[in-house]
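Asks: Protein chains in written order, with our numbering: chain C, 1 to 114; chain G, 1001 to 1152. Think of the CB as a built atom: it goes at the ideal place given N, C-alpha and C, for glycine as much as any other residue.
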Ligand SMILES: Nc1ncnc2c1ncn2[C@@H]1O[C@H](COP(=O)(O)OP(=O)(O)OP(=O)(O)O)[C@@H](O)[C@H]1O
Ligand SMILES: [Mg+2]
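#1: Going by DSSP, name the residue or residues bridged to residue 48/C.
#2: Straight-line CA distance for residue 1143/G to residue 1074/G?
#3: In the DSSP assignment, what residue or residues form a beta bridge with residue 1012/G?
#4: How is the beta strand (DSSP E) around residue 80/C delimited, first residue to last?
#5: If you measure between the beta carbons of residue 92/C and residue 108/C, is that distance less than 9 Å?
#6: Compile a chain-ordered list of the residues in the segment 1107 to 1131 of chain G whose CB is closer than 7 Å to at least one CB of chain C.
#7: How would you write the range of the beta strand (DSSP E) that residue 57/C sits in, first residue to last?
#8: For a test of your reading of the model: does the CB of residue 1061/G fall under 8 Å from any non-hydrogen atom of ligand 1? Yes or no.
#9: Which residue marks the beginning of the alpha helix (DSSP H) containing residue 1153/G, and which one marks its end?
#10: Ligand 1 heavy atoms versus the CB of residue 1036/G: any closer than 8 Å?
#11: Using a 10 Å radius around the Cβ and a threshold of 16 neighbouring Cβ atoms, would you call residue 1013/G buried or exposed?
#12: Taking DSSP as the reference, what is the three-state secondary structure of residue 1017/G?
#13: Taking one C-beta from the segment 1033 to 1040 of chain G and one from the segment 17 to 37 of chain C each time, how about it: are there three or more such pairs within less than 8 Å?
#14: Are the C-beta atoms of residue 1057/G and some chain C residue less than 9 Å apart?
#15: Give every residue of the same chain whose Cβ lies closer than 7 Å to the Cβ of residue 1129/G, excluding the five residues on either side of it in the sequence, and list them in chain order.
#16: Hey, is residue 1023/G's beta-carbon within less than 9 Å of any beta-carbon in chain C?
#17: Can you have a look at residue 1113/G and say buried or exposed, based on whether 16 or more other CB atoms are within 10 angstroms of its CB?
#18: For residue 81/C and residue 88/C, what's the separation of their Cα atoms in angstroms?
#19: Just checking my contact of residue 28/C with residue 46/C at CB under 8 Å: how many whole Å lie between their CB atoms?
#20: Taking C-beta pairs closer than 8 Å, name the residues in chain G that residue 58/C reaches, listed in chain order.
#21: Look at the Cβ atom of residue 1067/G, then the Cβ atom of residue 1054/G, and state whether they are nearer than 9 Å.
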């Protein structure tokens, strides 16, 4: 499934990285603990989190995550957007809480174990 | 050149300074290491393990030490990652290695650090993991990952 399918179905706001929305999503991971994401996320995952600071871009890049979705109406810091832009990494936001958003993405067929 | 010379020959070496407390640029050195290893054609599973250990080590210097240096040495059949810092050192290594143990501040925890998983994850992803430390002086990590001929 393409990232863009998730953006449309879940009505996500795309902050940056529009040029990478055609990338394939293989699975998903939801966590706010960075060393947990480092340990357990997989290549091609979409990452659901409430973290908005710039260090999450390094985590996403190192783990080959395809995009970050910030929940609960949280907005990325400006430096986070700058770093994501230079990596062509999509950041998306939603007003939904994590449970609702993950449920929607799961029902589209995306799994945490893959 | 005999076999042991070929084995100990450094094919590639890089060093990065790390500044304590610099959360904005934290992780950049690990990303650079990952990019370089990709360019020289290292196996992707090995890169994944190096990326995890380098990131966790880099973040620990940023969070707990004054400053440090991370260096990567690629040999024919192994990769050696060392992280040296000037900082408070670790009083009880056994305790620090326990999953869940953390002295991270409230502010760091709000940023998603301080799960107490960094050191255990480094150990898990390394073929050999050595930590030496002196309280009041600093800490040195030596992480070795074998290439198993996958780098040929
Ligand atoms: N370079 C270091 N200098 C001084 N103390 C350190 C250093 N690295 C680790 N420690 C100590 O060891 C503890 C455990 O480290 P570890 O990386 O496992 O977890 P953490 O950094 O607290 O949390 P996480 O890595 O999950 O974000 C730290 O909280 C800190 O007290
Ligand atoms: Mg740590």
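Replies: In brief:
#1: In DSSP, residue 48/C forms a bridge with 30/C, 69/C.
#2: Cα to Cα, residue 1143/G sits roughly 12 Å from residue 1074/G.
#3: Beta bridge pairing from DSSP links residue 1012/G with 1074/G.
#4: Taken as a continuous stretch (DSSP letters only), residue 80/C belongs to no beta strand (DSSP E), being part of the alpha helix (DSSP H) at 78 to 87.
#5: No, they are not a contact pair.
#6: Listed in sequence order: 1111, 1112, 1113, 1115, 1117, 1118, 1121.
#7: For residue 57/C, there is no enclosing beta strand (DSSP E); the enclosing alpha helix (DSSP H) has its first and last residue at 55 to 62.
#8: The answer is yes for residue 1061/G.
#9: In this structure chain G extends from 1001 to 1152, so residue 1153/G is not present and cannot be described.
#10: It does not: the Cβ of residue 1036/G is nowhere closer than 8 Å to a heavy atom of ligand 1.
#11: Result: exposed.
#12: Strand, per DSSP.
#13: Cβ pair count under 8 Å is below three, so no.
#14: No, residue 1057/G lies away from the interface with chain C (no Cβ there is under 9 Å from its Cβ).
#15: Around residue 1129/G, the same chain offers 1122, 1123, 1143 as residues with beta carbons nearer than 7 Å, after the five sequence neighbours per side are excluded.
#16: It does: the Cβ of residue 1023/G has a partner Cβ on chain C nearer than 9 Å.
#17: Its Cβ being crowded by 16 or more others within 10 Å, residue 1113/G is buried.
#18: Cα to Cα, the separation comes out at about 10 Å.
#19: Between residue 46/C and residue 28/C the Cβ distance is about 5 Å, and since that is below 8 Å, they are a contact.
#20: Those are 1026, 1027, 1028, 1030, 1031, 1055, listed as they occur along chain G.
#21: Not closer than 9 Å, so no.
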